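Working notes, beginning with the structure itself.
Number of protein chains: 2
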Amino acid sequence: MATKKTVKSVTKKRARAAKPRPSGRRAQNKLDIRARIVRAALDLFQTKGFDATTTKAIARKARIAEGTVFNYFKTKDDIALHFFEQEVDQAMATVRENPRLRNAPLEEKLFALVHSQLEYLARHERFIGAALIHALKPASPLGPFSHRSQELRHRYLGFVEELIEESSPKHERGPLSFFAPEVFWIYYLGVLLYWLNDSSEGKQNTLAFLDRSLNVGVSMFKRGWL
Amino acid sequence: MATKKTVKSVTKKRARAAKPRPSGRRAQNKLDIRARIVRAALDLFQTKGFDATTTKAIARKARIAEGTVFNYFKTKDDIALHFFEQEVDQAMATVRENPRLRNAPLEEKLFALVHSQLEYLARHERFIGAALIHALKPASPLGPFSHRSQELRHRYLGFVEELIEESSPKHERGPLSFFAPEVFWIYYLGVLLYWLNDSSEGKQNTLAFLDRSLNVGVSMFKRGWL
DNA sequence: GACAATTCGTGAGTGTGCTCATATATTTGG
DNA sequence: CCAAATATATGAGCACACTCACGAATTGTC
Numbered sequence: 411m412a413t414k415k416t417v418k419s420v421t422k423k424r425a426r427a428a429k430p431r432p433s434g435r436r437a438q439n440k441l442d443i444r445a446r447i448v449r450a451a452l453d454l455f456q457t458k459g460f461d462a463t464t465t466k467a468i469a470r471k472a473r474i475a476e477g478t479v480f481n482y483f484k485t486k487d488d489i490a491l492h493f494f495e496q497e498v499d500q501a502m503a504t505v506r507e508n509p510r511l512r513n514a515p516l517e518e519k520l521f522a523l524v525h526s527q528l529e530y531l532a533r534h535e536r537f538i539g540a541a542l543i544h545a546l547k548p549a550s551p552l553g554p555f556s557h558r559s560q561e562l563r564h565r566y567l568g569f570v571e572e573l574i575e576e577s578s579p580k581h582e583r584g585p586l587s588f589f590a591p592e593v594f595w596i597y598y599l600g601v602l603l604y605w606l607n608d609s610s611e612g613k614q615n616t617l618a619f620l621d622r623s624l625n626v627g628v629s630m631f632k633r634g635w636l
Numbered sequence: 411m412a413t414k415k416t417v418k419s420v421t422k423k424r425a426r427a428a429k430p431r432p433s434g435r436r437a438q439n440k441l442d443i444r445a446r447i448v449r450a451a452l453d454l455f456q457t458k459g460f461d462a463t464t465t466k467a468i469a470r471k472a473r474i475a476e477g478t479v480f481n482y483f484k485t486k487d488d489i490a491l492h493f494f495e496q497e498v499d500q501a502m503a504t505v506r507e508n509p510r511l512r513n514a515p516l517e518e519k520l521f522a523l524v525h526s527q528l529e530y531l532a533r534h535e536r537f538i539g540a541a542l543i544h545a546l547k548p549a550s551p552l553g554p555f556s557h558r559s560q561e562l563r564h565r566y567l568g569f570v571e572e573l574i575e576e577s578s579p580k581h582e583r584g585p586l587s588f589f590a591p592e593v594f595w596i597y598y599l600g601v602l603l604y605w606l607n608d609s610s611e612g613k614q615n616t617l618a619f620l621d622r623s624l625n626v627g628v629s630m631f632k633r634g635w636l
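Each protein sequence line maps, in turn, to chains A and B. Under the working numbering, the very last position in the first sequence is 636; numbers go up by exactly one each time. Under the working numbering, the very last position in the second sequence is 636; numbers go up by exactly one each time.
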């Protein structure tokens, strides 16, 4: 085997030109494998659901060994959490890039933000619950997701803070307003849980609740109650 | 062995008089075993934490076979969920039985309710998170707890509805007030999640937030905004 | 009391997520 | 170009939560 080494690698170099791209070997291959895992997982989660999807199946579909999955994601939940991260990022981008919202009142921005998040989640409802649930317990002694979801929460809160700042600068606000993003975070979690359990057509109940509660909440905020 | 049957049961009747109580056999024994499981689980959860406690260890400590545990609780999480149920029941009882609260304003009752819940949870914080998290996703396609926690939620909402009714009868309230317990449910979940992540001394942050937000919320409600 | 019917404890067995020593592939240094 | 050093894919193996076919114990019936 050792004697064949050089020959082998040359052969492979040729043979592989078809798939793992000609250029930067290792890094390139890593990206490729990661993409394959994500793709395979998404596919299986959506067809079979989260629990019925085994890591072995993900590995097989991604054409790698089972252990390899765990070189890329610490746990199975971590794979699902990946989609949750995308959800937050995508929603923030949507709000930021919508020109119509540029000068809209705060409650509309927040509605758009949450609405966008829920829309994304709807496409993945079949399995996203599992990731969600884990993201909810950042500092809990159980579960290894503390760091990653803490980070996510931080990014999210920062963005909300921005939106509030745009609508009413810090110096015009009440003494407790620094608390507002925290309150919104709790509110958002509540909405998510409500949404998960909302069986009305197109999640109308959740949207109605969103609209009404945001209006009340923001006007409360603007009157300096908070 | 079959020939010894009668003899054996007589012997056992005597031998057992020490532990599994003299009277009603089966029902008695079931209660006994269930109690032993709960006791063993509580003990292990508190010393070792939830994850580090195996079902095998629980069974061993309760002096039963491993499979038996699952005749009493569907899953390991279910055992922890049991403590969560106790928490809700105990908190409702506390509020109901406190004479000082009899004619107190709504916000005080609600504060007492939630405060009592959090106090109970504090004693079990080491592991309660796991149960909590599962209780949060009642109708989610994942997880088998839908029915039990739906029931719990229903009982809880009924109680909150009672409290509200005492404070302001239905006919005096706004058209959307039937929604109020739902809102409180979301609020409560938010508080729980906040509490789980609150690392301030004695969870002061959570309590402060509770106090302030309940006052604002209830006065909103009383002004007919809801 | 004896037999049948029923309930329930038992523990070996199963499939799972995840780990770890090893083999193999890639990069680096000379 | 080779060899040492490094990175990483591999899959047998592990511990765990949970299942199930079985037999023993209890209850119901005459």
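Glycine included, each C-beta is placed from N, C-alpha and C at the ideal position. Remember, it's a predicted structure, so these values are computed and weren't measured experimentally.
For residue 578 of chain B, no alpha helix (DSSP H) encloses it, and the DSSP letter there is neither H nor E. Membership of residue 613 of chain B in any alpha helix (DSSP H) is not indicated, and neither H nor E is assigned to it by DSSP.
Scanning the region 475-510 of chain A from its first residue to its last, the whole alpha helix (DSSP H) runs of 4-plus residues come out as 476-482, 486-507. Note on geometry: alpha-carbon atoms of residue 481 of chain A and residue 472 of chain A lie some 14 Å from one another. Distance between residue 476 of chain A and residue 466 of chain B, taken at the CA atoms: about 27 Å.
Distance from residue 519 of chain B to residue 498 of chain B at the Cβ level is roughly 15 Å; contact not present, criterion being Cβ atoms closer than 8 Å. Around the beta carbon of residue 621 of chain B, fewer than 16 other beta carbons lie within 10 angstroms, which makes this residue exposed. Contact check between the region 517-533 of chain B and the region 432-450 of chain B: fewer than three CB pairs, one atom from each, fall below 8 Å, which does not count as touching. Scanning A/461, A/633, A/435 for the CA closest to the CA of residue 582 of chain A turns up A/633.
Assignment of residue 439 of chain A by DSSP, reduced to helix, strand and coil, places it in the helix class.
Closer than 8 Å at the C-beta level to chain B, one finds these residues of the region 598-611 of chain A: 599, 600, 601, 603, 604, 606, 607, 609.
Linking residue 462 of chain B to residue 488 of chain A through their CA atoms gives a straight-line distance of about 20 Å. For residue 590 of chain B, the uninterrupted alpha helix (DSSP H) segment begins and ends at 590-606.
Nearest in C-alpha terms to residue 460 of chain A, of all of A/484, A/446, A/490, is A/490. A check of alpha carbon separations from residue 597 of chain A across A/492, A/446, A/451, A/570 identifies A/570 as the nearest. A direct Cα-to-Cα measurement between residue 535 of chain B and residue 601 of chain B gives close to 15 Å.
Taking the Cβ atoms as the reference, residue 628 of chain A lies roughly 5 Å from residue 516 of chain A, within the contact range of under 8 Å.
Excluding five sequence positions before and after residue 562 of chain B, the CB atoms of its chain that fall closer than 8 Å to its own CB belong to 494, 495, 498, 545, given in chain order. Residue-level contact check: residue 447 of chain B does not touch chain A, since none of the beta carbons of chain A fall below 7 Å from its beta carbon.
Within the same chain, 447, 489, 492 come within 8 Å of residue 483 of chain B by CB-CB distance, once the 5 residues on both sides are set aside. Under the three-state reduction of DSSP output, residue 469 of chain B falls in the helix class. Here the alpha carbon of residue 573 of chain B sits roughly 41 Å from the alpha carbon of residue 434 of chain B. The C-alpha of residue 532 of chain B is placed about 32 Å away from the C-alpha of residue 524 of chain A.
Rounded to the nearest whole angstrom, the C-alpha separation of residue 607 of chain A and residue 501 of chain B is 25 Å.
Using a 10 angstroms sphere on the CB of residue 527 of chain A, the tally of other CB atoms reaches 16 or more, which defines it as buried. For residue 525 of chain B, the enclosing alpha helix (DSSP H) stretches over residues 516-533. Contacts between residue 574 of chain B and chain A, judged by CB atoms closer than 7 Å, are missing: the closest CB pair is about 17 Å apart. Under the Cβ distance rule, residue 468 of chain B does not count among the residues neighbouring chain A, no pair being separated by less than 7 Å. In this structure, the alpha-carbon of residue 513 of chain B lies about 28 Å from that of residue 613 of chain B. In this structure, the beta-carbon distance from residue 474 of chain B to residue 451 of chain B does not fall below 7 Å.
Against residue 474 of chain B, chain A offers no close residue; the least beta-carbon distance is about 26 Å (beta-carbon pairs closer than 9 Å). When secondary structure is reduced to three states using DSSP, residue 451 of chain B falls in the helix class.
Distance between residue 530 of chain A and residue 599 of chain B, taken at the CA atoms: about 23 Å. When C-alpha distances from residue 594 of chain B are compared across B/579, B/470, B/458, B/625, the shortest belongs to B/625.
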